[in-house]
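Have a look at the structure below, then the notes.
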Amino acid sequence: MFEFNLTIRLRTVTIDFELGVYNVFKKHYPTVIVRGCLFHYGQLLFRKFVDLGLKVSYNNDENLRDWFRSFAALSLLPLNHML
C-alpha cells in the first residue's frame with residue numbers, strides 16, 4: 001500500500017470529559033493544550049446535579065435552571081474576567 005512519512009505536531013486537542021483520555025494526552029503529548037468540549041461539560045455538570053438529588057428541583061424551578069446555565073457558561077469567559 002502507501003507509506004507516508006508524516007509528522008503530526010498537535011498544538012490543541014478537544015476531548016470529552018473522560019479522565020483517561022485526558023491523562024493519555026498529558027502523558028504522551030505534554031506540550032499539547034487539552035480542551036474540553038462544551039457540550040460534554042454541560043452533560044457532566046447536569047449528571048452532578050442529578051447525583052446531588054437536584055433533578056426534580058431543576059425541572060421545577062426556573063431560577064435554578066437559569067443559575068445552572070449561567071454557571072455552565074462561566075467556562076466561556078476568559079480567565080482574566082473571572083479573577
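For the sequence shown, our numbering begins at 1 and goes up steadily by one. The beta carbon of each residue, even a glycine, is placed where N, CA and C say it ideally should be. As the structure is a computational prediction, the values presented were derived from the model and not from experiment.
- Between Ala72 and Leu45 a beta carbon distance of about 6 Å is seen, short of the 8 Å cut, so the two are scored as contacting.
- DSSP, reduced to helix, strand and coil, places Val32 outside both helices and strands of the structure shown, so it counts as coil.
- DSSP assignment within the stretch 30-78 yields the following whole alpha helix (DSSP H) runs of 4 residues or more, N-terminal first: 38-51, 55-60 and 62-73.
- Of Ser70, Phe17 and Leu10, the smallest CA-CA separation from Gln43 is found for Phe17.
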